[in-house]
Structure formats: C-alpha cells, structure tokens
Amino acid sequence: MIKKALFCIVLVLIYLHGTAEKELIQSVKQKEQKRVAEIVKRGADVDYQDMFGFTALMYAVNNQNIAIVKLLLENSANPNLQNISGKTPLMFAIEKNNKELVDLLIKYHAEIDLQDNNGTSPLMLAAQRANVDIFQKLLAHGADVNMESNNNQTALLSLAKHAPKDSLQKLKLLIEHKALLNVKNRDGENALILFVINSEEEDVFKKLIQSGIDINAKDLNQKTALIYAASVHNIPAIKILVASGANLECENRYQQTPLLIAVDKNDSQVLRMLKKAGADLNHQDSLGRTALMYAVNRGDMGMVNFLLQSGANPNLKNKDNKTALDIADILHYNAISKILEKHGALRS
C-alpha cells in the first residue's frame, strides 16, 4: 500500500514538474507582463527550456518585449543559454535589429562571441543587417573580428555576402579592428569576390583594394573578382578592378578570360571595356575557342563585326581544327561567312 502511494506521488510530481515554467513561457508568448511577474515571484525556473531549447527570455526577445526581457533579466534569467540550434537571446535581438535589446542583454553580461551550431557569431549576424550601431556596439565590447564559422565565414565575409547598405561603414570598422582581409570561405571566395557578386558600391571595392586585399585571388573554380564582375555585368566593379591593375588575362577552370565570358554572355558593354583596357582578343579557352568563335557560334553579326574590326584573328583553330569560318559554314550563317571572308578568314 505504501509503495502504491509513493508511486502515485511520483507520478503527480512528474506531471507537475515544469507546469509553472510552461505557464511562464506561455505568458511570455502572450505578452502578459503581470502574469509573468506573478509566476516568477512564485519561484518558477526562469531558465527552463522547452523542447526547442527556447527559454522565456528567448521568446521575450523574439517578441521584442523590452519590459518582460528586463523583468526576466532582473530575476536572474541566463542570457547565455542556447536553443537546439545554438542561438542565444543576443542573436535573436540582432536578428530583430533591435539595439535597445542588444544593449540590455550586454548590460546583463551576454557573451559577445558565443557561436551557434553553424559557427555563426553575433558579429557575423550583425554584419548581415543594416544597423551599424549594433555592429559598433559588439566591436566595442571585444567581439572577435576574425572568428570563423563552420564554413570558414568571418564577419568580413558575412558582410560581403549580404552587402547591406551600410557596408562601407562596417568595412572601415573591421579594418580598424584588424580584420584579416585575405581570408576565404569554404568555396575559396574572398571578400572582394563576394562584394563583386553582391554589390556595385565602388567605394567598397576601392577600400578593400587600398587596404591590401588580393585583387587576383581565385576561388575553387579558379574565378577571380574580375571574372565574376564580367559574369554578372558589374560595371562599377570592372572599372575599379581594371584601374587597379587586375589581371585581364586571368583564367577560370575552362581557361576562359573575362573577355571570353563577356562575349559568351553577349555583353557588348563589358567586351568594349575590356578591349579598351587591352585584353587579348585572341585568347583561346581549354577547347581552343576564341572570342570570335563564340560570337560566330551564337550568330551575333554585330559582335563578329566588332571583333574583326578590333583586330581579332579569324584564322585561329580550335581543338577540332576548325576556324571561325568553318563554324559559320557548319551553322549555315552565310552572312557571317561573307563578313569573315572579307576580313581574310580561311577554311581549315
């Protein structure tokens, strides 16, 4: 009989365990400040974590409820607990772009450099969002500018990948705080490459180059910033890169140069810019194809004319021993064949 009674008591205790805490979380979600205060006063565990690892403080931060956040912190809520994804209240505050919450959490000793399960730090999150004040606050409290995530992302690379409108301000701050400029992510991309892909802000390119970033660095696909600039039609980037001495003849894994890529993408503006800068019109890719062959293959008479008038050699042969004229004949581009012959093109 005693054993049965004890068993029942244990069952009741198991049932009751966490009831107050669950009520606390529910009240926080519903923004019931008075109810939250009552439950906390009764002695509920303010650091209880639900099945997702969320605490009452995390829910309050997500709701951007300053009063409840302050109430919980004043009652010793731990600002450094992490949910099942490794996220902290500080990270949620940064994601909400809420500086008041960030200030409050830091005041109550939130750790600046705690990383989530992906290795993302608060500074990396702040780099992604247009709020330089939060970014500056984290730096002022000693955030590690060179900390890396699981895919080798740093705050600088995170900034370059997302390129918010305050990128230049943040870039200057990172450089002031000795951020390493030539770090690369898992794909081998440095900050210059990422900014070229995601931004057209000339001052950002200039600042990176003037500060010593490798202008000709290649990623795992052997692409440089100039190759990417040509690929995505980033005219401001091309201007700065060319003026800063970027290698015009850099090759990707297919031995394509920026000029070949411009022709391949039918981008006459980029082609003209690169030609004016002195790029080689007769460069051959891994299959022996020239810019002229690219233009012929696409049937682009205007580009064929431009290349020929600019001095492109019509008699180079690809790996199949075909000239530009051979390609035009095969594709039955009779008008292009005539233009080529007019410029001295021969058949193989």
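The sequence shown begins at 1 in full-length UniProt numbering and counts up one residue at a time.
Note that beta-carbon positions come from the ideal geometry of N, C-alpha and C, so glycine has one too.
Given the structure is predicted, the values throughout are model-derived calculations rather than measurements.
State the CB to CB distance for the pair residue i and residue j, rounded to an integer number of angstroms; the pair is presumed to be in contact (CB under 8 Å).
i: residue 283; j: residue 260; result: 6 Å
i: residue 248; j: residue 279; result: 4 Å
i: residue 293; j: residue 335; result: Going by Cβ atoms, the distance from residue 293 to residue 335 rounds to 17 Å, so no, they are not a contact pair.
Quick check: what's the CA-CA separation for residue i versus residue j?
i: residue 173; j: residue 311; result: 47 Å
i: residue 262; j: residue 136; result: 40 Å
i: residue 138; j: residue 40; result: 30 Å
i: residue 31; j: residue 232; result: 47 Å
i: residue 274; j: residue 318; result: 23 Å
i: residue 116; j: residue 80; result: 11 Å
i: residue 27; j: residue 151; result: 38 Å
i: residue 70; j: residue 104; result: 8 Å
i: residue 178; j: residue 145; result: 8 Å
i: residue 132; j: residue 254; result: 40 Å
i: residue 73; j: residue 64; result: 14 Å
i: residue 289; j: residue 205; result: 32 Å
i: residue 193; j: residue 202; result: 13 Å
i: residue 346; j: residue 300; result: 19 Å
Sorted by chain position, which residues of the same chain lie with C-beta nearer than 7 Å to residue i's C-beta, five sequence neighbours on each side aside?
i: residue 45; result: 21
i: residue 141; result: 106, 112
i: residue 186; result: 151, 152
i: residue 295; result: 263, 303, 304, 307
i: residue 83; result: 52, 53, 54, 58
i: residue 191; result: 156, 157, 160, 181, 208, 213
First and last residue of the alpha helix (DSSP H) that includes residue i?
i: residue 339; result: 334–342
i: residue 231; result: 225–231
i: residue 162; result: 155–162
i: residue 301; result: 301–309
i: residue 23; result: 19–29
i: residue 265; result: Run containing residue 265: none; DSSP gives neither H nor E here.
i: residue 44; result: Premise fails: residue 44 is in no alpha helix (DSSP H) and is neither H nor E.
i: residue 95; result: 89–95
i: residue 166; result: Where residue 166 is concerned, there is no enclosing alpha helix (DSSP H), given that its DSSP letter is neither H nor E.
i: residue 294; result: 291–297
Just to confirm my understanding: we take residue i, look at its own chain, exclude 5 residues before and 5 after, and list those with CB closer than 6 Å. What are they?
i: residue 343; result: 308, 314
i: residue 126; result: 94, 134, 135, 138
Apart from the five residues just before and just after residue i, which ones in its own chain have a Cβ nearer than 8 Å to its Cβ?
i: residue 8; result: Note on residue 8: pLDDT 47, under 50, position unreliable in the model; the coordinate value appears next. Same-chain partners within the cutoff: there are none.
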